[in-house]
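*Asks:*
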Amino acid sequence: MKIRKAVITAAGPDQRELPLQRLVDRDGSAKSALRLLLDEAAAAGIGEVAIIVHPDDGERYAAATGAPGGAPRVADGVEPKLHFVPQAAARGYADALLQARDFVGDEPFLHLVGDHLFLPRGELRPAAELVAVAQREGAAVSAVQSTRESHLREYGVVGGPRVAGRERLFAIDAVLEKPTPTEAEQTLFVPGLRAGHYLCFFGMHVLPAAIFDALAQALRDAAEPRRVSLTHALATLPGRARWLALEVAATRFNLGEKYGLLIAQLALGLSGRDRDDVLAQVTELLLAREKGRAQK
Amino acid sequence: MSRPLSRLVAILETADDALRHRSLEAAVAGLDVEALLHECRALDAFRARTDNLYQRVRALFFLQAIHRYHLAARAQRLPAAGGRIPYDGQQLLLDRRFEEAIACFRRTLDDAGVSEALCSALAAAYRGLAFQTLADQVRRSVRSVRGNQWMFRCGHPLDQPLRLRPELLERDVAGHYPLLVERTPVRMDLTHCGWSDIFFLGMDHPEGARVLNVSIDLGVHGRDAAPAPPVECSLRVIDEPLLRLTSVDLGATADVAELPLLFDFARDYLGLLKAALLAAGLVPPGIEGSGTTLQQLLAQLVGEGRGLEIVAHVRGIPKGSRLAVSTTLLGSLIALCMRATGQTRALTGTLEEAERRTCAARAILGEWLGGSGGGWQDSGGLWPGIKLIEGVATAAGDPEHGTSRGRLLPRHTLLGRERVPDSTRAQLTRSLVLVHGGMAQNVGPILEMVTEKYLLRSDLEWRARQETGAILEQLLVALAHGDMKSLAEATTRNFFGPLTTIIPQATNAFTESVIERVKQRFGARFLGFWMLGGMSGGGMGFLFEPEPITDAAPDAARTADPLAATKRELQQILSSAKRELQDALPFAMEPVVYDFAINDHGTRAQWSAPRVAVAPHPANATTAAASDAPLPELLARLGFDRVEHEQIRVDLRAGRIGLAQNRLPAHSVLRDAEPGDVADLRAGAGAEEVARGTAALQRGEVAVLTLAAGAGSRWSGGANVVKALFPFAKFDGRFRSFLDVHLAKSRRVARAAGVPLPHFVATSSFTHEAIARQLALRTGSEPRERDVEVELSPGRAVGLRLIPMERDLRFAWEETRHQRLDVQAQKVRESLHAALIGWARGAGEGDDYTDNLAVQCLHPVGHFYELPNLLKNGRLARLLRERPQLSTLLLHNIDTLGADVDAGLLGHHLRQVEDGGALTFEVIGRQLEDRGGGLARVDGRLRLVEGLALPREEQELELRWYNTMTTWIDIDSLLARFGLTRELLLRSAEPDTASAEAAAAAIATAVRRVAAELPTYVTLKDVKKRWGQAQEDVFPVTQFEKLWSDLTALPQLDCRYVAVPRVRGQQLKEPAQLDPWLRDGSAAAIAARCDFH
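So the protein lines, in turn, are chains D and H. In terms of the working numbering, the first sequence has 276 at position 276, counting the first letter as 1, and numbering is strictly consecutive. In terms of the working numbering, the second sequence has 893 at position 893, counting the first letter as 1, and numbering is strictly consecutive.
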């Protein structure tokens, strides 16, 4: 199994601006958030990327995919071919993903959400690891992160046993969208996880093409299609297809949260080439505040 | 030499059911002391090494029972029988440090040998440890149920994962937030399952834990238009950052703005609402003590500046209905809170099965948090219709797996129309009449008894438990076929067979009297009786022949209540039975008859129109004390001494008297009695003494004085019943009161001696009329009994209770050692104590206690006065005139059930009198439960010391002999000590002469003089205040007493002491003592000395 294609969703009315935000990457160069996502896909060996956009955003996004100089620049790997797929009406996340059906065809694909940034803890990029595992296992794989139960209401959450002999890999047998801790405790069992922690989606999946049928069905069944999430479609996978969860060695940043962009930038800055400089400036800020307090 | 293997350990370890279920009694029959001690050592070692919770607990109960029932009895015959309980061990026991206490007691036993005292201490420690182990397991299980765990991890507002559903924040056009209302039926136990749903049983014996449980709507017949779900609660958002909690039934509202107040359950009447908020996760239990604020938590949960209003309402269903109303309310509130925070799929409508199970688990958690607990079927009202609830064996993956045999939570199987057809359901509602008999009793001790008996597998009780299983099967068949006769036969057989075999206290004189009257009134139409819950007397069921629906008028028949006339008559029967027994048994309310309907939905929620204010249900108006005479009138009638009362108040407020001042001076040297101080007649008196006593009896020289003036507040928990009349146990096939038993013993003695025995019963203004009424009822038109000449000796002195001083409350609760409770229950108790101290401060320390029925505000002034009353009221004089030979009185307490005119003891006393003795006091070897002083040498002088007079608490255990209060009195010697003579006494009783008046005055002066020589004790007593729908509050109040045993401290009164067998001297002070008393052979031994005919 070879993963060649990726889909990035970025058409949500509240998140249209997020991929366009500029940040300074670990190598010190300024890039859009979208560019950073494309770098992530390219590093995973993805050849073609579909970006689901608002009908008015194609051009702005195309501009944002390039380096300041104009021509696309790939940090790592080969520059993928880009497709901008408009979502005609704002009918929610599930419908946005469904727009990529023709682009994907019947191949498995990598899916990234457009309002997240991903930062590896080591050398290996999370998308690259996820794609490698999916190819090796011949299965759908969702990247997950161990998350405290107080944040459950923000994510899709999975449960299931560990895959024998495989590190950080779980066989998903249940999935819930934004569960209460009560539901999570009763339904989502993951051996070996810290008490009060659950495997929450990381915003990155390798999915089979069959997910589009499930998405379409979920949209047909729903009273409010706008509220249908990917999780609803994913819930049909256990028992029908092999679906795994990979606890990736990386951190995700939700740019849409309060201070999300700032924290993502700080994380990039503190893990990159300019770490000392950033640290010095942050320290200076803190000291200035302390001095001000002392003078009062 | 190697020891034989332990037969008891073999029972615990075996997988063979026949051996596993063998009773302890059978296993230890015939073992001598040494063999029993060997078994104890083996069991102790076994319990320490086994990982299996239930083997460990059963071993502990075996150890408890061996010490309590087998070793103690044998130890009474051993030379070391007067051994002492080490104080250190007792303190460890009080602190719930059971293992250390056991080690301490066992060390003492190894050093000093087996004694009755040590056996009682070890029994108590093993029992405490057994229940603690079980309680710990329930706590672990409750906390580890999936869905509950996160709440204990959540320690900061930012950790709070729950958010209010957005629908609840959408205001209407008028700006009101919407109101979400949950309505929940209560559950009715169709089988009575032999209490098999209590956690300890369900978790060890899941295959035997089976219940048929029906959800019902209820209405009070004649009051409510139609049955409806009795429990209703509502929730809405408010624009204040606090929790506004209201109980409509209890008329209580509180704005809770501080987090610690939510964990303070006994502070107000809103403990159950608080427990629900915690158990539903709105305020996660893990956040207690975190230092955070409720505002921060509410900001996360509801939004900045907002809070919640939660209102609970039970529609006028009184407490004690045995329909699990409080658990249902808890479950209903939890369901509502779960809905509001997205923990259920639907905001309105019914719940899904998984949600009901979560809710039930949380109701158990809520009960544990609130320091209470019932069985797992109690939240059955969350489910619809009729269901079979069964224990479930654990499987891999369960939190209980490897620890217990069964899961904490049972399985609910709804019985559909194919198993219980519509016709049966209709017949049931047309046959069954549910009632509340008016008694509201605490079933807590019963649940402990059930657990203990189950683990000991006593033969009779174990067989009874098997029978309940067969009865359930019969009920299932009866339901399938709509056979009401078979159903009623089964429930009746269940009650009079297995249930009362397992727990004799499940029945009582009231219940049996009502059943008998119903039988007589309705004949064949009465199909059977049905006990609804933990014990009878409150909620009960009566089944009647259903009246057929005729084809001609089906609609009319369906709409009319075919049992309306039956219900009216049943109401009359209940009310008249209550009237006859209300002096003797604690009734909390007037009996009521219900209408009911099966609820096929379970708990449901819906939106409701915003409500402006909560109006109390008309049924919830506080019960007025209509029949009660006004207090001032009563005080005047009873000759209340206002001057003395004011002096006492001044002294109390000034701190000159009080609990701490009851104690003897700290410099008093107090030692145990010496050998030779007590004549040991525990093995019986000598032939010469028996002969001497028998001769005196036959000459008619003896009379009995039973003290029956007090209310026995420890027995009744502060209710105003007459303990002497309490029908506490069955003898000779009928319930008998304390007084019945005493008179029956006198009857037997009299018949054996061949002469009538005069028997005085000392009464007070609290007990006189009731006792007189009962005696008259009993004898009816029959001529006065020949063998026992019963004479009441009325006493008139009363005191007026006072609101206690904070100082005394703190002394009683904080400076005096008490048995600590399990952690959560202890928290609730401390919260209650703080609330009661607040009450005393607010109500006015040292003020008169008047906020209750008048009779509950008064108190008798101590049993010292009861013999002087006999002098003052002329009753003794009258008898002396009739029987000049009368020389001895036997005085005893109402609850000393073994006391009688024993010829040997009488002979012994007469010998003491010859030797110069005046009073002979009976003592028994101390056991752990014997609290209240004992025989001591105080500064060298031998006397009885009251517990509240001991300078230091630890001294009590140094005193081997416990005071039974039973006293043989030489009349002339006592009169002499009072400065009186027979002649003066006789003269005082002459009709209307000046000389009689002078004699009476002299007697009164003499009594006052002796009374002045005796100390006055300040005591705290519990008094119940009843209100609302069978609600009861218990208040501690201050009163004053002079006590009989202090006569032993008077100079010029020669007192002697004799040790008697425990069965003779033991007092039944608390209902919890009753079951051991019935089981350890005491009851049978006393029954053998009674003649009831």
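Using N, Cα and C, we set each Cβ at its ideal position, and we do this for glycine too. Because the structure is a prediction, the values reported are computed rather than measured.
1. Please list the residues of the stretch 152–169 of chain H that have a C-beta atom closer than 8 Å to any C-beta atom in chain D, keeping them in chain order.
2. On the criterion of 16 or more Cβ atoms from any shown chain inside 10 Å, does H:D422 qualify as buried, or is it exposed?
3. Using a Cβ cut-off of 7 Å, pull out every chain H residue sitting near D:L152, in sequence order please.
4. Pick out whichever of H:A835, H:A609, H:R801 has its Cα sitting closest to the Cα of H:A174.
5. Looking at D:G92: is its Cβ nearer than 7 Å to the Cβ of D:V228?
6. Based on the DSSP secondary-structure assignment, which residues constitute the bridge partners of H:G219?
7. For H:D1073 and D:Y155, I'd like the C-alpha separation in whole angstroms.
8. Once the 5 residues before and after D:R35 are set aside, which same chain residues still bring their CB inside 7 Å of it?
9. Mind checking who H:E182 pairs with in its DSSP beta bridge?
10. Whose C-alpha, out of H:I502, H:L277, H:Q572, H:R493, is nearest the C-alpha of H:V514?
11. Can you tell me whether DSSP reads D:K81 as helix, strand or coil?
12. Is the CB-CB distance between H:A840 and H:P804 below 7 Å?
13. Answer yes if the stretch 441–461 of chain H comes into contact with the stretch 377–390 of chain H, meaning at least three C-beta pairs across the two stretches below 8 Å, and no otherwise.
14. Beta carbon of H:H176, beta carbon of H:E232: below 7 Å?
15. Are the beta-carbon atoms belonging to H:S215 and H:N599 less than 7 Å from one another?
16. Write down the C-beta distance between H:A261 and H:V283 rounded to the nearest angstrom, noting that I regard them as a contact closer than 8 Å.
17. Do you know how far the Cα of H:L8 is from the Cα of D:S146?
18. Run through DSSP, which three-state label would H:S627 get?
19. Excluding sequence positions up to five away, which residues of its chain have a Cβ less than 8 Å from the Cβ of H:H617?
20. So, is D:Y259 buried or exposed, given that buried needs 16 or more other C-beta atoms within 10 angstroms?
21. Report yes or no: do the stretch 666–681 of chain H and the stretch 717–734 of chain H share at least 3 C-beta pairs separated by less than 8 Å?
22. The alpha helix (DSSP H) with H:P318 in it runs from where to where?
23. Unbroken beta strand (DSSP E) runs of length 3 or more, entirely within the stretch 887–927 of chain H: which are they?
24. Under 7 Å, do H:W1044 and H:F921 count as touching if we go by C-beta distance?
25. Is there at least one Cβ from chain H nearer than 7 Å to D:G156's Cβ?
26. Could you list which residues in chain D have their beta carbon closer than 7 Å to that of H:R146, in chain order?
27. May I ask you to list the residues that DSSP assigns as paired with H:N52?
28. How many angstroms separate the CA atom of H:L180 from the CA atom of H:L336?
29. Three or more C-beta pairs under 8 Å: does that hold for the stretch 923–931 of chain H against the stretch 109–126 of chain H?
30. Measuring CA to CA, which of H:D900, H:A762, H:E701 is closest to H:R875?
31. So that I know if they touch, is there some Cβ in chain D lying closer than 7 Å to that of H:W150?
32. Find out if the Cβ-Cβ distance for the pair H:P161, D:L188 is shorter than 7 Å.
33. Check the C-beta distance from H:R47 over to H:R56 and give it rounded, since I have them as a contact under 8 Å.
34. For H:A15 and H:L959, what's the separation of their Cα atoms in angstroms?
35. Grouping DSSP H, G and I as helix and E and B as strand, with all else coil, what is H:N213?
36. Taking 7 Å as the CB-CB limit, is H:Q343 close to chain D?
*Replies:* Working from what's here:
1. R153, C154, L158, D159, Q160, P161, L162, R163
2. exposed
3. P161
4. H:A609
5. yes
6. H:D595
7. Checking the sequence shown, residue 1073 of chain H turns out to be Gln, not Asp. Cα-Cα distance, rounded: 58 Å.
8. A64, T65
9. H:C233, H:A605
10. H:Q572
11. strand
12. Cβ distance < 7 Å, so H:A840 and H:P804 count as in contact.
13. no
14. no
15. For H:S215 and H:N599, yes; Cβs fall inside 7 Å.
16. Note that residue 261 of chain H is Leu in the sequence shown, not Ala. In fact, because the Cβ distance is near 11 Å, the residues do not count as touching under 8 Å.
17. 50 Å
18. Reliability fails at H:S627, whose pLDDT of 43 lies under 50, so the model's placement of it is uncertain and the value that follows must be treated cautiously. Note: H:S627 maps to coil in three-state DSSP.
19. At H:H617, the pLDDT of 41 sits below 50, so the modelled position is not reliable; the number obtained from the coordinates is stated separately. These residues qualify, in order along the chain: V248, D249, H313, R315, G316.
20. exposed
21. no
22. Where H:P318 is concerned, there is no enclosing alpha helix (DSSP H), given that its DSSP letter is neither H nor E.
23. 888–893, 919–925
24. no
25. no
26. E185, Q186
27. Under DSSP, H:N52 takes part in no beta bridge, so it has no partner.
28. 8 Å
29. With a cut-off of 8 Å, the stretch 109–126 of chain H and the stretch 923–931 of chain H count as touching, because enough Cβ pairs lie within range.
30. The candidate whose alpha carbon is nearest that of H:R875 is H:A762.
31. Judged by the 7 Å Cβ criterion, H:W150 is in contact with chain D.
32. no
33. 5 Å
34. Computed Cα separation, rounded: 47 Å.
35. Strand, per DSSP.
36. At a cut-off of 7 Å between beta-carbon atoms, H:Q343 makes contact with chain D.
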